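Report on one structure; see the data block that follows.
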Amino acid sequence: METKNLNTTIAEPVRKQMRIEFFGQVTGLVALLFVPYYFNFNQAMTSVYIVFYALTLSFSGYYLYKFYSFYKSALTIDLENAKDLTWFYHELKLNVNIYTNFNFIMIITALAYGITCLYITNFNFDPIAHKIESLIPGTTAYIALTISTLVFLFTIAEYSAKSTYQKYEDRMKDILNQFD
-19 METKNLNTTI AEPVRKQMRI EFFGQVTGLV ALLFVPYYFN FNQAMTSVYI
31 VFYALTLSFS GYYLYKFYSF YKSALTIDLE NAKDLTWFYH ELKLNVNIYT
81 NFNFIMIITA LAYGITCLYI TNFNFDPIAH KIESLIPGTT AYIALTISTL
131 VFLFTIAEYS AKSTYQKYED RMKDILNQFD
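The sequence shown runs -19 to 160 under the numbering used here.
As structure tokens, then:
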């Protein structure tokens, strides 16, 4: 079995990455609070921003609570036995999925805020619409642009969540398969 030193080769790097991400996300949430002041938003945009910021905080609070709970639980486990290794593997997979969904929710929230601001400011879409129409006539261009943008953003969200922890998941899965 390859279980020797799993606490240092898998658990410690995962916990270290989780600490970095936790403090990075909290710092990011605090920094987002100052966006309206930095960019001199008008009163209407600031009011809408506060509503969307509160929504972001509610989603973030839930996610960070789950993230922190997993982190605290992971501090006390011993990956030298199959039961703890199985628990850690499944909890890590679950938390990566929660992280991915959190990224999706944040993208949708940011897009909703952007659309709301464009509506509030009576943004003139005519110059952009004419350029898009000249490239691809009809509504097909708008649909293709919207779908490709969403696919691009969701792919980045999926990749960012998986890329960090995938190697540890794969290693644990290989070790768990040896137990069978």
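For every residue, glycine included, the Cβ atom is placed at its ideal position computed from N, Cα and C. Predicted model only: the values in this text are computed from it and were never measured.
Checklist entry - Taking the Cβ atom as the reference point for each residue, do residue -10 and residue 59 lie within a distance shorter than 8 Å? => result Against the sequence shown, residue -10 aligns to sequence position 10. Against the sequence shown, residue 59 aligns to sequence position 79. Cβ distance < 8 Å, so residue -10 and residue 59 count as in contact.
Checklist entry - If you drop the 5 nearest sequence neighbours on each side, which residues of the same chain put their C-beta closer than 8 Å to that of residue -13? => result By 1-based counting over the sequence shown, the position of residue -13 is 7. Here the set comprises 58, 59, 60.
Checklist entry - Buried or exposed: residue 40, going by 16 or more other Cβ atoms within 10 Å of its Cβ? => result Here the question's residue 40 lines up with position 60 in the sequence shown. By the 10 Å Cβ count, residue 40 comes out buried.
Checklist entry - Within 10 angstroms of its Cβ, does residue 31 collect 16 or more other Cβ (buried), or is it exposed? => result What you label residue 31 is simply residue 51 of the sequence shown in a count that begins at 1. That one is exposed.
Checklist entry - Would DSSP call residue 19 helix, strand or coil? => result Taking the sequence shown and counting its residues from 1, one reaches residue 19 at position 39. It is coil, neither helix nor strand.
Item to check | Neighbour-count burial assignment, residue 10, 16 or more Cβ in a 10 Å radius | outcome: If you number the sequence shown from 1, residue 10 lands on position 30. That one is exposed.
Item to check | For residue 196, the first and last residue of its enclosing alpha helix (DSSP H) | outcome: The structure shown has nothing for residue 196, since the chain only spans -19 to 160.
Item to check | alpha helix (DSSP H) segment containing residue 59, residue limits | outcome: Along the sequence shown, one-based indexing puts residue 59 at 79. No alpha helix (DSSP H) holds residue 59; DSSP gives it neither H nor E.
Checklist entry - Which value, in whole angstroms, describes the spacing of the CA atoms of residue 73 and residue 135? => result Walking along the sequence shown from the start, residue 73 turns up at place 93. Walking along the sequence shown from the start, residue 135 turns up at place 155. Rounded to whole angstroms, residue 73 to residue 135 spans 18 Å at the Cα level.
Next on the checklist: At the level of alpha carbons, what is the spacing between residue -2 and residue 27?
Outcome noted: Numbered from 1 along the sequence shown, position 18 holds the residue referred to as residue -2. Numbered from 1 along the sequence shown, position 47 holds the residue referred to as residue 27. Approximately 33 Å between the Cα atoms of the pair.
Checklist entry - Any idea if residue 54 is buried or exposed, counting beta-carbon neighbours within 10 angstroms, 16 or more meaning buried? => result Locating residue 54 in the sequence shown gives position 74, counting from the first residue. Residue 54 comes out buried.
Item to check | Through-space distance from residue 94 to residue 156, alpha-carbon basis | outcome: Numbered from its first residue, the sequence shown carries residue 156 at position 176. Numbered from its first residue, the sequence shown carries residue 94 at position 114. Going by the C-alpha atoms only, they are around 45 Å apart.
Checklist entry - Which whole-angstrom value describes the C-beta separation of residue 33 and residue 13, a residue pair presumed to lie in contact below a C-beta threshold of 8 Å? => result In the sequence shown, counting from the first residue as 1, residue 33 sits at position 53. In the sequence shown, counting from the first residue as 1, residue 13 sits at position 33. At roughly 7 Å, the Cβ-Cβ gap stays under 8 Å, so residue 33 and residue 13 are in contact.
Next on the checklist: Mapping the DSSP letters down to three states, classify residue 157 as helix, strand or coil.
Outcome noted: Counting from 1 along the sequence shown, the entry for residue 157 is found at position 177. Residue 157 falls in the helix class under three-state DSSP.
Checklist entry - For the alpha helix (DSSP H) that residue 7 lies in, which residues bound it at each end? => result Within the sequence shown, the letter at position 27 stands for residue 7. From DSSP, the alpha helix (DSSP H) with residue 7 extends over -8 to 13.
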